[in-house]
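Asker:
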Amino acid sequence: MPIAYIEDIARHEGEQVTIRGWLHNRRSSGTIHFLTVRDGTGFLQAVMSKANVEPDVFTLADHLSQESAIVVTGQVRADSRAPGGFELEVTTLQVIGESHDYPITPKEHGIDFLLDRRHLWIRSERQSAILRVRHEVVNAVRDFFNSRGFILVDTPIFTPSAAEGTTTLFPVPYFDLGTAYLTQSGQLYNEANAAALGRVYCFGPTFRAEKSKTRRHLTEFWMVEPEVAYATLDDTIELAEQLVVAVVERVLDKRSRELKVLQRDTSRLERVKTPFPRVSYDEAVKILHDRGVNFEWGNDLGGTDETVLSEQFDRPVAVHRYPAAVKAFYMEPDPERPELALCVDVLAPEGYGEIIGGSQRIADADLLLERIRQHNLPQEAFEWYLDIRRYGSVPHSGFGMGIERVVSWLCGLDHLREAIAYPRMIYRMSP
Ligand code: 4AD
Ligand code: MG
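Take a look at the structure:
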């Protein structure tokens, strides 16, 4: 019998096919079993009537428990009452691997119980839909940059120094060379790569020893970071909004089934079009004050401030020119107001907060050295980074987009931990 995948089932209407998967759920009456089978690509109702199968097969199905690995063969039939529009009229069933007392039952479980069993939890309809959306986001990102002339240059994970502040570094003993740190961002290498290749991006795991327990922070997350030689802050804001729109459109187009499983209100995502509103930090402070938020000019925006701000708009908002003092050492000062940095944070709507952080980078070697010293960073470790300014320095800009933040927003999750297969957080590093 031809083997079919559930996601392609519509193409097999009227045919006999074999589905290889697992039993998700079973309802039985005396003469009929309704088996919900999942095969990784989807869920399908397989109907086994006593009259259509051998008696021992019917009895076998009587005792099948959740997550037993089964192979079923039967005819594909369109049925408007079936969940996916099709069902399988079963003629044979084979048990490949038994499953006893599967711990995740259809009843409600606590989050820690589920996270301890994450390796099984990902089999659920909801969790597998999220992972499928994530896959689409990652591919949309790659296609976006690859189709625009960007070159992928992978940056190292063991690094000798901090890229984003020294308080969130993960140290790793590194042979006789002392301490290496897990990368917080590939940006510094991206800058060298942009001077070599023009338009580049890196895309991989990044690490932050975030000691706070929030729903927006993981200690290991994936970030895509483009960097463009000769690009200004405005250029980078434009690139960022085009990327976000491309990703949202792709997921709406290709993953509507998954968004439906997640009960996502897609009308909010359909409004995500360019141009995004652009708000300076000064204007953002004013908006916060008008909304009655007690916020002091000069501070960084916190999670709740971001939520209040993003609630004013129906699409992501680009907040630019924060005070340099609350931002990273490498940001170019605004020539008109040097106390501000030429930087941008893109905040997602619906309270999802910052999804993108970026900036124009300091082009002048002396200023950069001054900032390295002000931030108490070890100069030797940054000599190579200063070289980018010593040999043909140009204005250049880029940003980083956190994949879990985007997945969480697009799927409407209330915590980043469900946006990655195996989340790493302060109190969790297993399974
Ligand atoms: O704003 P961040 O710290 O910027 C950088 O790392 C720059 N070097 C990027 C660049 O310009 N090339 O981080 C960028 C994005 C954030 O907007 C957020 O989406 C995500 O990375 N992010 C996190 N995601 C999950 N958990 C965390 N702890 C995160 N920290 C940052
Ligand atoms: Mg940031």
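Numbering follows numbering that gives the first Met the number 0, with no gaps: position 192 of the sequence shown is 191.
Backbone N, C-alpha and C define an ideal beta-carbon position, used for all residues, glycine too.
Source: prediction; values computed, not measured.
Would DSSP call residue 24 helix, strand or coil?
Answerer: Residue mapping note: residue 24 aligns to position 25 of the sequence shown, counting from 1. Correct three-state label for residue 24: strand.
Asker: Assuming contact is defined by CB atoms lying nearer than 8 Å, are residue 342 and residue 357 in contact in what I supplied?
Answerer: Reading the sequence shown from its first residue, position 343 is the one you call residue 342. Reading the sequence shown from its first residue, position 358 is the one you call residue 357. Cβ distance < 8 Å, so residue 342 and residue 357 count as in contact.
Asker: Quick one: what's residue 339 bridged to in DSSP?
Answerer: Taking the first residue of the sequence shown as 1, we reach residue 339 at position 340. Residue 339 pairs with 322.
Asker: Who are the Cβ neighbours of residue 89 in its own chain at under 6 Å, not counting the five residues just before and after it?
Answerer: Sequence index remark: in the sequence shown, residue 89 carries index 90 (1-based). Cβ within range, chain order: 45, 47, 71, 73.
Asker: Per the DSSP calculation, residue 72 is bridged to which residue(s)?
Answerer: The residue you call residue 72 lines up with position 73 of the sequence shown. In the DSSP output, where bridge partners are listed per residue, residue 72 has 17, 91.
Asker: Taking 7 Å as the cut-off, is the beta-carbon of residue 185 closer than that to any non-hydrogen atom of the ligand MG?
Answerer: The residue given as residue 185 occupies position 186 in the sequence shown. Result no, Cβ not under 7 Å from the ligand MG.
Asker: Alpha carbon to alpha carbon, how far is residue 391 from residue 198? Give it in angstroms, no decimals.
Answerer: As a working mapping, residue 198 is identified with position 199 in the sequence shown. As a working mapping, residue 391 is identified with position 392 in the sequence shown. Each residue's Cα considered, the two are about 16 Å apart.
Asker: Would you call residue 186 buried or exposed, if buried means 16 or more other Cβ atoms sit within 10 Å of its Cβ?
Answerer: Working through the sequence shown from its first residue, we reach residue 186 at position 187. Residue 186 should be labelled buried.
Asker: In the structure shown, what three-state DSSP assignment does residue 419 receive?
Answerer: Working through the sequence shown from its first residue, we reach residue 419 at position 420. Correct three-state label for residue 419: coil.
Asker: Given a cut-off of 8 Å on the beta-carbon distance, is the pair residue 422 and residue 118 in contact?
Answerer: Walking along the sequence shown from the start, residue 422 turns up at place 423. Walking along the sequence shown from the start, residue 118 turns up at place 119. Taking 8 Å as the Cβ cut-off, residue 422 and residue 118 do not qualify as a contacting pair.
Asker: Tell me the residue span of the beta strand (DSSP E) that contains residue 179.
Answerer: The sequence position of residue 179 within the sequence shown is 180, counting from 1. Its beta strand (DSSP E) spans residues 178-181.
Asker: I'd like the ranges of any beta strand (DSSP E) spanning at least 3 consecutive residues and lying wholly in the region 376-416.
Answerer: Here the runs fully enclosed are 395-401.
Asker: With a CB to CB cut of under 8 Å and the five nearest residues on each side skipped, what residues in its chain are close to residue 302?
Answerer: Locating residue 302 in the sequence shown gives position 303, where the first residue counts as 1. The answer, listed in chain order, is 213, 215, 352.
Asker: Specify, as a first and last residue, the run of the beta strand (DSSP E) that residue 226 falls within.
Answerer: As a working mapping, residue 226 is identified with position 227 in the sequence shown. Unbroken beta strand (DSSP E) run through residue 226: 219-228.
Asker: Between the alpha carbons of residue 408 and residue 402, how many angstroms are there, rounded?
Answerer: For the purposes of this step, residue 408 is taken as the residue at position 409 of the sequence shown. For the purposes of this step, residue 402 is taken as the residue at position 403 of the sequence shown. In a straight line, the C-alpha of residue 408 is about 10 Å away from that of residue 402.
Asker: Who are the near neighbours of residue 304 in its chain, counting only those whose CB is closer than 7 Å to its CB and skipping five residues on each side?
Answerer: By one-based count along the sequence shown, residue 304 stands at place 305. These residues qualify, in order along the chain: 287, 292, 294.
Asker: If you follow the beta strand (DSSP E) that residue 112 is in, where does it begin and where does it stop?
Answerer: Translated into positions along the sequence shown, residue 112 becomes position 113. That residue, residue 112, is in no beta strand (DSSP E); its alpha helix (DSSP H) goes 110-115.
Asker: In angstroms with no decimal places, state the Cα-to-Cα distance between residue 419 and residue 204.
Answerer: Within the sequence shown, numbered from 1, the residue matching residue 419 stands at position 420. Within the sequence shown, numbered from 1, the residue matching residue 204 stands at position 205. Going from the Cα of residue 419 to the Cα of residue 204 covers about 11 Å.
Asker: Does the beta-carbon of residue 330 have 16 or more other beta-carbons within 10 angstroms, so that it is buried, or is it exposed?
Answerer: By one-based count along the sequence shown, residue 330 stands at place 331. Buried, because 16 or more other Cβ atoms sit within 10 Å of the Cβ of residue 330.
Asker: Does DSSP classify residue 144 as helix, strand or coil?
Answerer: Here the question's residue 144 lines up with position 145 in the sequence shown. In the structure shown, residue 144 sits in a helix (DSSP, three-state: H, G or I).
Asker: Quick check on residue 511: does DSSP put it in helix, strand or coil?
Answerer: This structure gives no information on residue 511, because the portion of the chain shown stretches from 0 to 430.
Asker: Exposed or buried, which one is residue 104 when buried takes at least 16 other CB atoms within 10 Å?
Answerer: Here residue 104 corresponds to residue number 105 of the sequence shown, with the count starting at 1. By the neighbour-count rule (16 or more Cβ atoms within 10 Å), residue 104 is not buried but exposed.
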